[in-house]
Amino acid sequence: MKRKIVSIGILIYTLFYGFTAKADDYSLNQLMDLAVSRSKQINAAELESRSREKEVAQASVWENPILDIGTENKSETGGSTRQWKLGASQVFGVPGKYSLRGEVARADFQIAKLDRGNTELLLRHEVFVR
1 MKRKIVSIGI LIYTLFYGFT AKADDYSLNQ LMDLAVSRSK QINAAELESR SREKEVAQAS
61 VWENPILDIG TENKSETGGS TRQWKLGASQ VFGVPGKYSL RGEVARADFQ IAKLDRGNTE
121 LLLRHEVFVR
């Protein structure tokens with residue numbers, strides 16, 4: 001019985017004190033870098049920024065053409081016939097529209113980059129103040 005109590009005491013001591021690091025062991029810059037590297041908000045802002053960066057290349061190009069293939073059964077008096085349909089279409093934008101879409105996508109990307117930077121600054125401020 002005494003052995004169990006001692007084992008449980010050692011386990012509790014190890015759980016609470018054995019694996020914790022004191023803030024005195026780290027510098028302020030190290031604590032800020034650790035908080036930034038583990039922040040879900042900054043990771044989300046970084047992924048949003050990467051997504052916006054990929055959209056820049058896609059915004060100024062034409063949309064994909066559409067190909068439509070289909071059949072239709074028509075029943076006329078006394079019999080039925082099958083008709084095949086084949087269609088293709090391409091959207092042509094207003095002149096200058098695609099270049100403007102590219103500029104808007106670049107602006108969105110810059111905003112996302114700034115948002116990521118602001119999120120990091122706010123987190124560093126929060127770590128510094130606490």
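What the sequence shown shows, in the working numbering, is residues 1 to 130, in sequence order. Glycine included, C-beta positions come from ideal geometry on N, C-alpha and C. Being a predicted model, the structure only gives us computed values, none of them experimental.
Between the CA atoms of residue j and residue i - distance to the nearest angstrom
i	j	result
L121	D25	23 Å
R94	V104	According to the sequence as given, residue 94 is Val; it is not Arg. Rounded to the nearest angstrom, the two C-alpha atoms are 16 Å apart.
F109	T71	44 Å
A44	E63	28 Å
R52	S37	21 Å
L114	I5	56 Å
K54	R101	13 Å
W84	F92	26 Å
G96	V129	49 Å
Own chain residues within Cβ distance below 7 Å of residue i, not counting five before or after
i	result
N73	S80, R82
S39	L123
M112	The residue asked about is misnamed: residue 112 is Ala in this sequence, not Met. The residues are E48, S49, R52.
A35	L123, V127
K90	Note on residue identity: the sequence assigns Gln, not Lys, to residue 90. Answer for Q90: P65, listed in chain order.
S99	S60
Buried/exposed call for residue i, threshold 16 Cβ in 10 Å
i	result
R116	buried
A88	exposed
S49	buried
Cβ-Cβ separation, residue j to residue i (assumed contact under 8 Å), whole Å
i	j	result
L31	V127	6 Å
I69	L86	6 Å
Cutoff 6 Å; reference residue i; Cβ partners in own chain excluding five residues on either side
i	result
Q41	T119
- Task: Kindly confirm or deny that the region 105 to 113 and the region 50 to 69 touch, where touching means at least three C-beta pairs closer than 8 Å.
- Result: yes
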